[in-house]
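Trainee:
There are 2 protein chains.
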Amino acid sequence: MPVFLNQDDALALWRDALAAGVRSDGPDLSARQMAILLTVYTMPPPHTVRGLSETLNISKPAISRALDRLGQLGFARRRRDDYDRRSIEVQRTVKGAVFLSEFADQVSEAGRVLDSPTPFEAGTPPEMPPPEDVF
Amino acid sequence: MPVFLNQDDALALWRDALAAGVRSDGPDLSARQMAILLTVYTMPPPHTVRGLSETLNISKPAISRALDRLGQLGFARRRRDDYDRRSIEVQRTVKGAVFLSEFADQVSEAGRVLDSPTPFEAGTPPEMPPPEDVF
DNA sequence: TACACTCGATCCGGCTGCGTAACGAACTGA
DNA sequence: TCAGTTCGTTACGCAGCCGGATCGAGTGTA
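This is the structure in structure tokens:
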């Protein structure tokens with residue numbers, strides 16, 4: 055079932071979920087790392103460095119380094135492909151699944167709280183301030 | 055009206071919106087910068103460095119640097135408070151509102167496409183792989 | 001006037017990430 | 001067997017962000 059979000063709801067959802075992550079002392083992944091992690095866990099395997107690189111339009115070295123980081127966090131594992139030993143398969147881990155599960159709860163919670171009226175609409179820019187810049 | 059998102063939808067939503075941002079060549083803001091930007095645009099003003107620091111649990115130098123970055127992107131402006139000239143007020147700009155409006159569209163679009171069946175459930179970890187690590 | 005306090009910016013050393021280029025290992029096909 | 005291709009990684013230089021300490025300007029109070 056599709057999820058209908060108007061602009062205000064979308065921004066409030068993103069803000070609350072993001073703020074929860076920023077406030078917490080958990081590991082803060084870059085946007086690229088998070089995109090890789092989500093792709094690995096929510097798209098059908100197998101996942102390879104080259105495949106992720108093409109899917110997400112990220113350079114291969116960046117993928118490789120991100121896998122280093124995700125690996126040291128215990129969120130993903132490398133495994134050589136036995137049929138083509140040049141290739142490596144990116145595997146999921148229980149720890150990564152737990153992390154994403156908690157993250158998904160944060161997002162869901164941020165969406166659930168949206169019933170309170172949004173105090174400001176963001177799509178509408180504020181009255182244009184005077185042009186003088188202080189800095 | 056609250057937005058109900060199950061775990062799979064929440065992760066797919068985040069993945070698609072994030073991937074759209076990663077693939078595009080637009081400026082990539084850090085999670086902290088994005089949280090600041092969203093707070094400034096969706097919460098009632100005024101916003102000060104100190105206030106943002108407390109709200110988001112981010113150090114003041116980090117806020118100040120983020121404002122440098124957002125300022126040079128044209129997404130926010132500093133303005134001295136005339137009543138307390140130590141304090142500065144973070145102001146919105148038309149360019150920032152446009153940026154967030156487009157971002158909100160990306161999120162909404164990611165949510166709207168969720169009607170296609172999700173191929174994998176992420177909350178369920180894969181069958182536990184053998185303990186041997188390749189690397 | 002003198003002193004304590006607050007606000008935001010800046011300095012500092014360190015860490016992390018990026019893309020290009022170059023690399024070794026593995027595979028392919030003649 | 002051997003040149004050419006493809007795979008992921010590493011080397012390199014660069015840029016950005018981090019927190020703690022420190023700073024100057026502004027404020028409040030006596």
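So the protein sequences, as listed, match chains Z and H. Heads up, the first sequence stops at 189 in the numbering used here, and the numbers go up one at a time, no gaps. Heads up, the second sequence stops at 189 in the numbering used here, and the numbers go up one at a time, no gaps. Here a beta-carbon is modelled for each residue, glycine too, at the ideal position from N, C-alpha and C.
#1: What runs of the alpha helix (DSSP H), each 4 residues or longer, lie entirely inside the stretch 66-113 of chain Z?
#2: By the 7 Å beta-carbon criterion, what residues does the stretch 115-136 of chain Z contribute toward chain H?
#3: Smallest Cα separation from Y95 (chain Z): which of H:L83, H:A64, H:D135, H:R119?
#4: Of all the alpha helix (DSSP H) runs that stay within the bounds of the stretch 107-148 of chain Z, which reach a length of 4 or more residues?
#5: Considering only residues of the same chain and omitting the five flanking positions on each side of L121 (chain H), which have a CB-CB separation below 8 Å?
#6: Excluding five sequence neighbours on each side, which residues of the same chain lie with their C-beta closer than 6 Å to the C-beta of A71 (chain H)?
#7: Mark G80 (chain H) as exposed unless 16 or more other C-beta atoms lie within 10 angstroms of its C-beta, in which case mark it buried.
#8: How many whole angstroms separate the CB atoms of W68 (chain Z) and L92 (chain H), which I take to be in contact at a CB cut-off of 8 Å?
#9: In whole angstroms, give me the CA-to-CA distance for A73 (chain Z) and D135 (chain Z).
#10: Could you compute how far the alpha carbon of R146 (chain Z) sits from the alpha carbon of T147 (chain H)?
#11: Does any residue of chain Z bring its CB to less than 8 Å from the CB of F58 (chain H)?
#12: Between the C-alpha atoms of F58 (chain H) and R140 (chain H), what's the straight-line distance to the nearest angstrom?
#13: Can you find the residues in the same chain that come closer than 8 Å, C-beta to C-beta, to G128 (chain H), ignoring five residues on each side of it along the sequence?
#14: Starting from the Cα of A66 (chain H), find the closest Cα among Z:S113, Z:S78, Z:M97 and give me that residue.
#15: Could you work out which residues of chain Z lie near T93 (chain H), taking near to mean beta carbons separated by less than 9 Å?
#16: Determine, for T102 (chain Z), whether the minimum Cβ-Cβ distance to residues of chain H falls below 8 Å.
#17: Anything in chain H within Cβ reach of D138 (chain Z), meaning under 8 Å, just list it in chain order.
#18: Assuming L154 (chain Z) and V76 (chain H) make a contact with CB atoms under 8 Å, what is their CB distance in whole Å?
#19: Which residues in the same chain as S118 (chain Z) place their Cβ atom closer than 8 Å to its Cβ, once the five residues preceding and following it in sequence are excluded?
#20: To the nearest angstrom, how far is it from the Cα of Q61 (chain Z) to the Cα of Y137 (chain Z)?
#21: Residues of chain H with CB closer than 7 Å to the CB of V27 (chain Z), please, in chain order.
#22: By the 10 Å Cβ neighbour count, where 16 or more other Cβ atoms means buried, how is Q87 (chain Z) classified, buried or exposed?
#23: How about G165 (chain Z): is its C-beta nearer than 8 Å to some C-beta of chain H?
#24: Could you tell me whether any Cβ in chain Z is nearer than 8 Å to the Cβ of Q87 (chain H)?
Mentor: In terms of the structure at hand:
#1: 85-96, 103-110
#2: R131, R132, R133, R134
#3: H:A64
#4: 114-126
#5: Excluding five sequence positions before and after L121 (chain H), the CB atoms of its chain that fall closer than 8 Å to its own CB belong to I90, V103, A130, R132, V144, given in chain order.
#6: Q160, V161, A164
#7: exposed
#8: 6 Å
#9: 39 Å
#10: 42 Å
#11: yes
#12: 43 Å
#13: T147, K149, G150
#14: Z:M97
#15: R69, A73
#16: no
#17: Per Cβ cutoff of 8 Å: no residues; D138 (chain Z) is ~14 Å from chain H at best.
#18: Actually they are not in contact, since the Cβ atoms of L154 (chain Z) and V76 (chain H) sit about 17 Å apart, beyond 8 Å.
#19: V103
#20: 47 Å
#21: Nothing about residue 27 (chain Z) can be read from this structure; chain Z reaches only from 55 to 189.
#22: buried
#23: yes
#24: Not an interface residue.
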